[in-house]
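Student: Would you mind keeping the following structure in view while I ask a few things?
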Amino acid sequence: MKKYEVMYIVRPDVEEAARKELIEFTTGIFTKMDSKVLEVKELGMRNLAYEINDHTKGFYVLMNVEATHEATQEFDRLVKINANVMRHIVIRIDEVKQPKIKPDTRPKRENREPRERKEA
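Once you know that position 44 of the sequence shown is 49 in this note's numbering, the rest is easy, because the numbers rise by one and skip nothing.
Next comes the structure, spelled out in structure tokens:
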């Protein structure tokens with residue numbers, strides 16, 4: 006099994022009880038398919054970067070799971086048909102690579118020699 010990070014945005018007009026039920030449903034998708042839900046974070050109501058279906062806010066939920074490929078496909082399928090979820094994304098964690106930061110080898114400004122200006 007591989008580790009995944011799953012994030013989805015719930016419509017802001019969904020009541021709290023229905024939202025909790027939706028979160029339990031999504032975690033249940035993974036547990037029913039022999040996967041582990043490592044962590045569920047409710048990030049709360051946040052502003053969206055752009056409007057989605059006339060909504061400017063959404064309730065964000067972040068999950069860390071250790072799942073099979075079939076479990077992530079089933080999650081994707083079921084969330085797509087759920088009207089309460091506006092957007093979702095599933096990212097495999099071990100695919101994410103940190104960029105290599107190269108040290109700055111250029112001399113600092115005060116150590117540089119002034120360039121000669123060309124006069125016109």
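For every residue, glycine included, the Cβ atom is placed at its ideal position computed from N, Cα and C.
For A139, which of V42, V45, Y65 and K46 has the nearest alpha-carbon?
Tutor: With the chain covering only 6 through 125, there is no way to say anything about residue 139.
Student: Nearest-angstrom Cα distance between D39 and F30?
Tutor: Roughly 15 Å separates the two Cα atoms.
Student: Scan the segment 43-83 and note each continuous beta strand (DSSP E) run of 3 residues or more that stays entirely inside, going in chain order.
Tutor: If we require 3 residues or more, the beta strand (DSSP E) runs fully inside the segment 43-83 come out as 60-72.
Student: I'd like the span of the alpha helix (DSSP H) that includes K25, first residue to last.
Tutor: Counting along the chain, the alpha helix (DSSP H) containing K25 begins and ends at E21 to K37.
Student: Going along the chain, which residues of its own chain have a beta-carbon closer than 7 Å to the beta-carbon of V42, five neighbours each way excluded?
Tutor: Closer than 7 Å at Cβ, skipping near neighbours: T32, F35, T36, M68 and V70.
Student: In angstroms with no decimal places, state the Cα-to-Cα distance between M91 and I14.
Tutor: Between M91 and I14, the C-alpha separation is close to 6 Å.
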